[in-house]
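Student: Residue 114 in numbering that gives the first Met the number 0 is what sits at position 115 of the sequence shown, and the numbering runs on without skipping anything.
Every residue, glycine too, gets a C-beta built ideally from N, C-alpha and C.
Dropping a structure here in structure tokens format, bear with me for questions.
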Amino acid sequence: MVRTRSPLGALALGVGLLVLAAAPGAGAQSAAPPAREAPSASSSLRVIAEQVARLFPVVQTDVIEVSGDRITLAAGRQQGVVPGIELIAYREGRELYHPTTKQLLGRTEETVGRVVVTEVADRYAVATLAPGAKEAPRPGDKARVAAGRVKLAIVPLAAGVRARLVEAATYDLVQELERTGRFQVVFGEQISVWLAEQKIPAAEFVRGRGVREAQDRFKLSHMLA
Numbered sequence: 000m001v002r003t004r005s006p007l008g009a010l011a012l013g014v015g016l017l018v019l020a021a022a023p024g025a026g027a028q029s030a031a032p033p034a035r036e037a038p039s040a041s042s043s044l045r046v047i048a049e050q051v052a053r054l055f056p057v058v059q060t061d062v063i064e065v066s067g068d069r070i071t072l073a074a075g076r077q078q079g080v081v082p083g084i085e086l087i088a089y090r091e092g093r094e095l096y097h098p099t100t101k102q103l104l105g106r107t108e109e110t111v112g113r114v115v116v117t118e119v120a121d122r123y124a125v126a127t128l129a130p131g132a133k134e135a136p137r138p139g140d141k142a143r144v145a146a147g148r149v150k151l152a153i154v155p156l157a158a159g160v161r162a163r164l165v166e167a168a169t170y171d172l173v174q175e176l177e178r179t180g181r182f183q184v185v186f187g188e189q190i191s192v193w194l195a196e197q198k199i200p201a202a203e204f205v206r207g208r209g210v211r212e213a214q215d216r217f218k219l220s221h222m223l224a
């Protein structure tokens, strides 16, 4: 679990699901005067957006060891890797040459599956297979987090009067996420409707129930609730 220092919320990364939740003690009254002025909502949202972006660093690395369900990668804290990030493992194949110039263009690639980082050292990290992965990578395979914009679906879970407040904050958060230059943000109201149809409560969804099914149904890799 990765938590922000913002009083506005806490951030946790599940498999394909980012969860914004009330931080412990958020909004609590204190008898003692504050040491400094509390951050504004906009600055808190900016902090959250930056922390979400840090969960998607641009990383290209090698698989150096596989032992049971532990997959060791040749990139760590120095390369921006943090616990919870998800990488695509792939295997390079034959070389590709231009038919006329004979210039080497690159190699074919075969996607092996997704891995999720669980432990991070300065120069290496340990990952495990993401749920649903059918094949484990081998030493010599590669893994990466793509440099392009990450498609991130915002899933509104609040209802009633609170929903209108959340909607306003969500709009500001979307702006902050897009300002990082790392995300293509889409709204996932249809996911909320599907959750209601499946009778999956919001509290259970943020704990993982129905996440994989929602990803498969709506062709999404990452959701923010």
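Can you check whether the CB of residue 45 is closer than 8 angstroms to the CB of residue 212?
Tutor: No, the Cβ-Cβ distance between residue 212 and residue 45 is not below 8 angstroms.
Student: In terms of residue numbering, what span does the beta strand (DSSP E) encompassing residue 128 cover?
Tutor: From DSSP, the beta strand (DSSP E) with residue 128 extends over 124 to 128.
Student: Locate the alpha helix (DSSP H) running through residue 230, then write down its first and last residues.
Tutor: Residue 230 is absent from the model: the chain starts at 0 and stops at 224.
Student: Could you round the C-beta distance between residue 106 and residue 140 to whole angstroms and report it? I think they count as a contact, below 8 angstroms.
Tutor: Rounded, the Cβ-Cβ distance is 12 angstroms, inconsistent with contact.
Student: Does the separation of the CB atoms of residue 222 and residue 154 fall below 8 angstroms?
Tutor: The answer is yes: Cβ separation under 8 angstroms.
Student: Identify, in the order they occur along the chain, each residue of the same chain with its Cβ nearer than 6 angstroms to the Cβ of residue 121, setting aside the five sequence neighbours on each side.
Tutor: So the list reads 75, 76 and 77, once near-sequence residues are dropped.
Student: Could you give the first and the last residue of the continuous beta strand (DSSP E) run that contains residue 63?
Tutor: Note, residue 63: beta strand (DSSP E), 58 to 66.
Student: Output the residue ranges of the beta strand (DSSP E) runs that lie fully inside the stretch 130 to 204 and measure 3 residues or longer, sorted by chain position.
Tutor: Complete beta strand (DSSP E) runs here, min 3: 141 to 144, 149 to 153 and 182 to 186.
Student: Within the chosen definition, does the stretch 57 to 72 reach the stretch 92 to 106 through at least 3 CB pairs nearer than 8 angstroms?
Tutor: As far as the Cβ criterion goes, the stretch 57 to 72 does not touch the stretch 92 to 106, which means the pair count is below three.
Student: Measure the beta-carbon distance from residue 129 to residue 111 and round it to whole angstroms, keeping in mind my assumption that it falls under 8 angstroms.
Tutor: Incorrect: roughly 11 angstroms between the Cβ atoms, too far for contact.
Student: Just to check my reading of the structure: residue 151 and residue 48 have Cβ atoms closer than 8 angstroms, yes? What is that Cβ distance to the nearest angstrom?
Tutor: That belief does not hold up - the Cβ atoms of residue 151 and residue 48 are roughly 11 angstroms apart, past 8 angstroms.
Student: Can you list, in chain order, the residues of its chain whose CB lies under 6 angstroms from that of residue 178, leaving out five sequence neighbours each side?
Tutor: Cβ neighbours of residue 178 beyond the five flanking positions: none.
Student: When you compare only the Cα positions, how much space is there between residue 10 and residue 100?
Tutor: Confidence at residue 10 is low in this model, with a pLDDT of 40, below 50, so its placement is unreliable and no value can be given for it.
Student: Applying the criterion that 16 or more other CB atoms from any shown protein chain within 10 Å of the CB defines a buried residue, is residue 109 buried or exposed?
Tutor: Looking at its Cβ environment, which holds fewer than 16 other Cβ atoms inside 10 Å, residue 109 is exposed.
Student: Does the distance from the CB of residue 189 to the CB of residue 217 come in under 8 angstroms?
Tutor: Yes.
Student: Check whether the Cβ atoms of residue 84 and residue 125 lie closer than 8 angstroms to each other.
Tutor: No, they are not a contact pair.
Student: Quick check: residue 138 and residue 62, are their CB atoms within less than 8 angstroms of each other?
Tutor: Taking 8 angstroms as the Cβ cut-off, residue 138 and residue 62 qualify as a contacting pair.
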